[in-house]
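Data block below; observations after.
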Amino acid sequence: MSKPTFTAHTVKYDTRTMTLFDDDTVSLSTTESRVRCELALPGADEGYQRQYLNSDTWSSTESTLTARGGDYFLHIGFRRPKNDTERNTAEDGTILGVDLGIENLAVTNTAYFFSGRELTHNLREFEKVRAGLQQTGTRSAHRTLVQSSGRELRYIRDVLHRASNAIVDEALRYECDVIAFENLTHIRDRTGTSWGHKWAFRTLYEQVEYKAEAVGVSVKQVGSAYTSKRCVECGFTVDENRPTRNDFQCVKCESEANVDYNAVVG
0 MSKPTFTAHT
10 VKYDTRTMTL
20 FDDDTVSLST
30 TESRVRCELA
40 LPGADEGYQR
50 QYLNSDTWSS
60 TESTLTARGG
70 DYFLHIGFRR
80 PKNDTERNTA
90 EDGTILGVDL
100 GIENLAVTNT
110 AYFFSGRELT
120 HNLREFEKVR
130 AGLQQTGTRS
140 AHRTLVQSSG
150 RELRYIRDVL
160 HRASNAIVDE
170 ALRYECDVIA
180 FENLTHIRDR
190 TGTSWGHKWA
200 FRTLYEQVEY
210 KAEAVGVSVK
220 QVGSAYTSKR
230 CVECGFTVDE
240 NRPTRNDFQC
250 VKCESEANVD
260 YNAVVG
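Taking numbering that gives the first Met the number 0, I'd label the letters of the sequence shown as residues 0 to 265.
So, in structure tokens, the structure goes:
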């Protein structure tokens, strides 16, 4: 079986472009043809995936394939219809969990990834230009700085506009009643998070808040409860599960996952 090849770091799949088989393989569409790959799944007693894969109630939906370090991670989204009891008695309704980060600006518990690499790169470039112009100190440099700041602000607002629309669309697609973000205070305390990212996270939250409420979906912040260090497979929570900012590997069961996706489903 061959691996799919692509230049982007993530590729989205749906039921038209991805097919799951009972022999633990998956067929994926590529730009050239379809390829069939083997799924590396944990044992029945170690992971949670098989209860969804083998269920007649749950069905696969939009999923994301991520390439990292020569390995491929398929984050499969599942959904099932709400029953009457859930529709009528749920206290908070169906929740769309959202985790904000630098590598991925937003990741939902439905396996939707909104990449943050381009935003991070451009924020760094804007910062370099701003620092150089401020150091120059001339009137011409000041005018250029004002123009550059305007372009930066318009660019960031456009990225956040697209991200907030995508999050609200995801909530509507899965008939969610609530969109839950990690408490922004915890995000501000993260090391390595620039001022630009902190402002972007706050602005993204505010955009999602007013857009979601316009379509009847509420938005709230919840405590992180160490979810970025908690293994979604076995529940083991320890600092060593995060050897680097972008990597997650459980020291107990050795499972690996995208760090943002592990946090939002953990």
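Ideal Cβ placement from N, Cα and C applies to all residues, glycine included.
Since the structure is predicted, the reported quantities are computational estimates derived from the model, not experimental observations.
Between the Cα of residue i and those of the options, spot the shortest distance and give me the residue it belongs to.
| i | options | result |
| --- | --- | --- |
| Val-167 | Arg-138, Trp-198, Gly-136, Tyr-111 | Tyr-111 |
| Gln-206 | Leu-171, Ala-162, Ala-179 | Ala-162 |
| Gly-96 | Phe-200, Cys-175, Arg-49, Thr-18 | Cys-175 |
| His-160 | Ala-211, Ile-94, Val-128, Glu-61 | Ala-211 |
| Ala-66 | Tyr-51, Arg-78, Val-10, Arg-15 | Val-10 |
| Arg-201 | Tyr-173, Arg-150, Leu-104, Gly-149 | Leu-104 |
| Phe-77 | Gly-100, Arg-142, Leu-64, Asn-108 | Asn-108 |
| Leu-152 | Arg-35, Gly-100, Phe-125, Asp-98 | Phe-125 |
| Thr-14 | Ser-59, Tyr-154, Thr-29 | Ser-59 |
| Thr-24 | Asn-53, Cys-36, Tyr-209 | Cys-36 |
| Gln-220 | Lys-127, Ile-94, Ser-26 | Ile-94 |
| Ser-62 | Asn-53, Ser-54, Ser-32, Ser-28 | Ser-28 |
| Glu-181 | Tyr-204, Val-34, Ala-39 | Tyr-204 |
| Tyr-154 | Tyr-173, Arg-172, Ala-199, Asn-164 | Ala-199 |
| Tyr-12 | Ala-179, Gln-50, Thr-137, His-74 | His-74 |
| Thr-30 | Asp-22, Thr-16, Arg-138, Ala-165 | Thr-16 |
| Asn-121 | His-196, Glu-208, Leu-40 | His-196 |
| Thr-119 | Ile-101, Leu-183, His-141 | Ile-101 |
Tell me which residue opens and which closes the alpha helix (DSSP H) that residue i is part of.
| i | result |
| --- | --- |
| Leu-132 | 116-135 |
| Tyr-173 | Neither: Tyr-173 is in no alpha helix (DSSP H) and is coded neither H nor E. |
| Tyr-51 | 48-52 |
Please state the DSSP three-state secondary structure of residue i.
| i | result |
| --- | --- |
| Phe-180 | strand |
| Met-0 | Residue placement at Met-0 is poorly supported in this model, since its pLDDT is 47, which falls under 50; the coordinates still yield a value, given next. Looking at Met-0 - three-state DSSP - the assignment turns out to be coil, as it is neither helix nor strand. |
| Gly-96 | strand |
| Tyr-12 | strand |
| Thr-65 | strand |
| Ser-163 | helix |
| Asp-157 | helix |
| Arg-142 | helix |
| Arg-79 | coil |
| Ser-32 | coil |
| Val-207 | helix |
| Glu-102 | coil |
Name the two residues that bound the continuous beta strand (DSSP E) containing residue i.
| i | result |
| --- | --- |
| Leu-40 | Element bounds for Leu-40: n/a, residue is neither H nor E. |
| Ala-110 | Premise fails: Ala-110 is in no beta strand (DSSP E) and is neither H nor E. |
| Phe-20 | No beta strand (DSSP E) contains Phe-20, which DSSP labels as neither H nor E. |
| Val-221 | 217-221 |
| Asp-70 | 70-74 |
On the premise that residue j lies in contact with residue i, defined as a C-beta separation below 8 Å, what is that separation, rounded to the nearest angstrom?
| i | j | result |
| --- | --- | --- |
| Leu-144 | Arg-129 | 7 Å |
| Leu-19 | Leu-64 | The Cβ separation is near 13 Å, so there is no contact. |
| Arg-33 | Thr-56 | Not quite, the Cβ-Cβ distance comes to about 27 Å (not below 8 Å), so this is no contact. |
| Gln-48 | Leu-40 | 6 Å |
Indicate, with yes or no, if the ligand NAP has a heavy atom lying under 7 Å from the CB of residue i.
| i | result |
| --- | --- |
| Asp-23 | As presented, the structure is devoid of all ligands, the ligand NAP included, so that no description of it is given. |
Query raised in the report: Would you call the segment 211-221 and the segment 105-121 touching, i.e. three or more CB-CB distances under 8 Å?
Result: Contact fails: fewer than three Cβ-Cβ distances are below 8 Å.
**Report entry** Contact the segment 125-143 vs the segment 64-73: 3+ CB pairs below 8 Å
**Finding:** With a cut-off of 8 Å, the segment 64-73 and the segment 125-143 do not count as touching, because too few Cβ pairs lie within range.
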